[in-house]
């Protein structure tokens, strides 16, 4: 070879492509040749032309490696059929069994392997972003939690596997007044929505989930199901036989809410006062005027949200900064709010 053996594959590829140029339905990758056709007759005609080329160039084929008249073929890590292209399941399983990398070199190797099936991995760039950060020259090697989660996600991402996210959602009175366009846009957020009027027992939920998965033909592909920690949905996932993964945000919310049991009476009083200022126009306006008179910033008390674990913290953090205008406003407006004692304020 003029430039050494490193140029051999490209030269061989060019020779093979030149030999079979002009024959439709022929795919060549080095010494692998695939002949396809939309009908058996067309396939046989093209195959005959390919064999004639081999004969005219005095080339021989390895009969043990030849496969004829099949509906699917495996080539360069893919399975090809008349209407689909998918990665080889054996390769997918190999990727899923890869150990966690212990150095940047192993991580780079893993990313190269998964990038080969990039077309089958939705949002691959965003998913592997924390992993690529570890490959930067100035990055210290640290196999931290986000990287571990992204590694697990990219390792198990596959058209053969998926994770379901399930939640129960009720339309609020305000939501019922949305326009048709707004409701359609809201529906697009979720892959599938259905009305469930039966009792939310574990059996009813589990059977409905199985029927929906079967309808979408993904019942054999679910490897994980993400839900909140409610007892009925947790039991329902056990009935389906799927792996259950509790929602991390909901779990944190439950832990934090449980820690509030001690100061709950104080939290209830603060929440009651904050809700008053958010509900009452008179109270909100009077609080604003009082803040201006006291030459304080116009700060509206932050409201607590039961589904957001950190909202209680922000509510309690902001409430004392408005102590004087809040106490004054509640007294002037005679608000139906239980006042905090001096000890509770401190």
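Residue numbers (our numbering): 774 to 1119.
Beta carbons: idealized from backbone N, C-alpha and C, even for Gly.
(request) Specify the secondary structure class of residue 961 as computed by DSSP and reduced to three states. (result) Counting from 1 along the chain shown, the entry for residue 961 is found at position 188. Because residue 961 sits at a pLDDT of 48, beneath the cut-off of 50, its placement in the model cannot be relied upon, and the following sentence gives the value as read from the coordinates. DSSP places residue 961 in coil when its eight states are reduced to three.
(request) Output the distance between the C-alpha atoms of residue 1095 and residue 903, rounded to the nearest integer angstrom. (result) As a working mapping, residue 1095 is identified with position 322 in the chain shown. As a working mapping, residue 903 is identified with position 130 in the chain shown. Their backbone Cα atoms lie some 41 Å apart in a straight line.
(message) Mapping the DSSP letters down to three states, classify residue 915 as helix, strand or coil.
(response) Here residue 915 refers to the residue found at position 142 when the chain shown is read from its first residue. Coil.
(request) Using 10 angstroms around the beta-carbon of residue 995, count the other beta-carbons present and answer buried if the total reaches 16, otherwise exposed. (result) By one-based count along the chain shown, residue 995 stands at place 222. It counts as buried.
(request) Would you kindly report the start and end of the unbroken beta strand (DSSP E) that includes residue 784? (result) Locating residue 784 in the chain shown gives position 11, where the first residue counts as 1. It is not in any beta strand (DSSP E) - residue 784 instead sits in the alpha helix (DSSP H) that spans 781-792.
(message) Counting beta carbon pairs with one atom in the region 1019-1031 and one in the region 1039-1048, are three or more of them shorter than 8 Å?
(response) Taking 8 Å as the limit for Cβ pairs, the verdict is that the region 1019-1031 does not touch the region 1039-1048.
(message) Please give me, in chain order, every unbroken run of the beta strand (DSSP E) with length at least 3 that falls completely inside the region 803-841.
(response) With a minimum length of 3 residues, the continuous beta strand (DSSP E) runs that stay inside the region 803-841 are 805-808.
(request) Have a look at the DSSP bridge pairing and note the partners of residue 1017. (result) Position 244 of the chain shown holds residue 1017. Answer is 998.
(message) With H, G and I counted as helix, E and B as strand and the rest as coil, what does DSSP make of residue 900?
(response) Walking along the chain shown from the start, residue 900 turns up at place 127. Helix, per DSSP.
(request) Could you tell me which of 909, 1062, 1030, 852 sits nearest to residue 1071, measuring between CA atoms? (result) Residue mapping note: residue 1071 aligns to position 298 of the chain shown, counting from 1. The residue with the shortest Cα to Cα distance from residue 1071 is 1062.
(request) State the beta-bridge partners of residue 857 as determined by DSSP. (result) Residue numbering aside, residue 857 sits at position 84 when the chain shown is read from its first letter. DSSP output for residue 857 lists no bridge partner at all.
(request) Tell me whether residue 1110 sits in a helix, a strand or coil according to DSSP, three-state version. (result) Position 337 of the chain shown holds residue 1110. The answer is coil: DSSP assigns residue 1110 none of H, G, I, E or B.
(message) Using a Cβ-Cβ cutoff of less than 6 Å, which residues in the same chain neighbour residue 854 once the five nearest sequence positions on both sides are dropped?
(response) In the chain shown, counting from the first residue as 1, residue 854 sits at position 81. The answer, listed in chain order, is 845.
(request) Please report the Cβ distance between residue 983 and residue 1013, rounded to the nearest whole angstrom; I am assuming they are in contact, meaning their Cβ atoms lie under 8 Å. (result) Against the chain shown, residue 983 aligns to sequence position 210. Against the chain shown, residue 1013 aligns to sequence position 240. With a Cβ gap of about 6 Å, residue 983 and residue 1013 count as contacting.
(request) Note down, in chain order, each residue of its chain lying with its Cβ closer than 6 Å to the Cβ of residue 1046, except the 5 sequence neighbours on either side. (result) On the chain shown, position 273 is the one that residue 1046 refers to. Closer than 6 Å at Cβ, skipping near neighbours: 1110.
(request) Determine the extent of the alpha helix (DSSP H) in which residue 971 is found, giving its start and end residues. (result) Position 198 of the chain shown holds residue 971. Element bounds for residue 971: n/a, residue is neither H nor E.
(message) So, with DSSP's three-state summary, where would you put residue 881?
(response) Indexing the chain shown from 1 puts residue 881 at position 108. Residue state, collapsed to three classes: helix.
(message) For residue 760, report the span of its beta strand (DSSP E) as first-last.
(response) The displayed coordinates of the chain run from 774 to 1119. Any statement about residue 760 would go beyond what the structure contains.
(request) Rounded to whole angstroms, what's the CA-CA distance from residue 796 to residue 815? Just pull it up for me. (result) Stepping through the chain shown from its first residue, residue 796 is reached at position 23. Stepping through the chain shown from its first residue, residue 815 is reached at position 42. Those two C-alpha atoms are separated by around 12 Å.
(message) When you compare the CB positions of residue 1073 and residue 1092, do they come within less than 8 Å of one another, or not?
(response) Taking the first residue of the chain shown as position 1, residue 1073 is located at position 300. Taking the first residue of the chain shown as position 1, residue 1092 is located at position 319. Their beta carbons are not under 8 Å apart, which means residue 1073 does not touch residue 1092 by this criterion.
(message) Checking the sheet assignment: what are the DSSP bridge partners for residue 845?
(response) Taking the first residue of the chain shown as 1, we reach residue 845 at position 72. Residue 845 is bridged to 854.
(message) Is the beta carbon of residue 880 closer than 8 Å to that of residue 887?
(response) Stepping through the chain shown from its first residue, residue 887 is reached at position 114. Stepping through the chain shown from its first residue, residue 880 is reached at position 107. Not a contact, by the Cβ cut-off of 8 Å.
(request) Please go through the same chain and pick out, in chain order, the residues whose beta-carbon is closer than 7 Å to the beta-carbon of residue 793, but skip the five residues on each side of it. (result) In the chain shown, counting from the first residue as 1, residue 793 sits at position 20. So the qualifying residues of the chain are 799, 801, 823, 826.
(message) Between which residues of its own chain and residue 1084 is the CB-CB distance below 8 Å, once the five residues before and five after are set aside?
(response) For this step, residue 1084 is matched to residue 311 along the chain shown. Hits under 8 Å: 1075, 1076, 1077, 1078.
(request) Would you kindly check if the distance between the Cβ of residue 908 and the Cβ of residue 877 is under 8 Å? (result) Residue numbering aside, residue 877 sits at position 104 when the chain shown is read from its first letter. Residue numbering aside, residue 908 sits at position 135 when the chain shown is read from its first letter. Yes, Cβ-Cβ distance for residue 877 and residue 908 is below 8 Å.
(message) Residues in the same chain with beta-carbon distance under 8 Å from residue 805, minus the five sequence neighbours each way, listed in chain order, please.
(response) Taking the first residue of the chain shown as position 1, residue 805 is located at position 32. For residue 805, where only same-chain residues beyond five positions count, the Cβ hits under 8 Å are 848, 849.
(message) One question on the structure: do residue 1004 and residue 978 come within less than 8 Å of each other, judged by their Cβ atoms?
(response) Residue mapping note: residue 1004 aligns to position 231 of the chain shown, counting from 1. Residue mapping note: residue 978 aligns to position 205 of the chain shown, counting from 1. With contacts defined by Cβ atoms closer than 8 Å, residue 1004 and residue 978 do not form a contacting pair.
(request) Indicate the three-state DSSP secondary structure (helix, strand or coil) for residue 1040 in the structure shown. (result) Counted from its first residue, the chain shown places residue 1040 at position 267. Helix.
(message) If you reduce the DSSP assignment to three classes, tell me which class residue 978 lands in.
(response) Start at 1 with the first residue of the chain shown, and residue 978 comes out as number 205. Helix at residue 978.
(message) In this structure, how does DSSP classify residue 1121 when only helix, strand and coil are distinguished?
(response) In the structure displayed, the chain extends from 774 to 1119; residue 1121 sits before or after that span and is not available.
(message) Once the 5 residues before and after residue 1027 are set aside, which same chain residues still bring their CB inside 7 Å of it?
(response) Stepping through the chain shown from its first residue, residue 1027 is reached at position 254. Once the five neighbours on either side are set aside, the close Cβ partners of residue 1027 are 1002.
(request) Within the same chain, show all residues whose beta-carbon is closer than 7 Å to that of residue 852, passing over the 5 residues directly before and after it, in chain order. (result) Translated into the one-based positions of the chain shown, residue 852 becomes position 79. Within the same chain, residue 852 has close Cβ partners 845, 859, 861.
(message) Distance check for residue 866 and residue 875, CA to CA, integer angstroms please.
(response) Counted from its first residue, the chain shown places residue 875 at position 102. Counted from its first residue, the chain shown places residue 866 at position 93. Whole-angstrom Cα-Cα distance: 20 Å.
(message) Taking the straight line between their C-alpha atoms, what separation do you get for residue 911 and residue 833?
(response) Along the chain shown, read from residue 1 onward, the residue named residue 911 stands at position 138. Along the chain shown, read from residue 1 onward, the residue named residue 833 stands at position 60. Our two residues, residue 911 and residue 833, have alpha carbons roughly 54 Å apart in a direct line.
(message) Taking the straight line between their C-alpha atoms, what separation do you get for residue 963 and residue 992?
(response) As a first step, residue 963 is located in the chain shown; it is residue number 190 there, counting from the start. As a first step, residue 992 is located in the chain shown; it is residue number 219 there, counting from the start. Reliability of the predicted coordinates at residue 963 is poor, the pLDDT of 48 falling under 50, and the value obtained from them is presented with this limitation in mind. Going from the Cα of residue 963 to the Cα of residue 992 covers about 18 Å.
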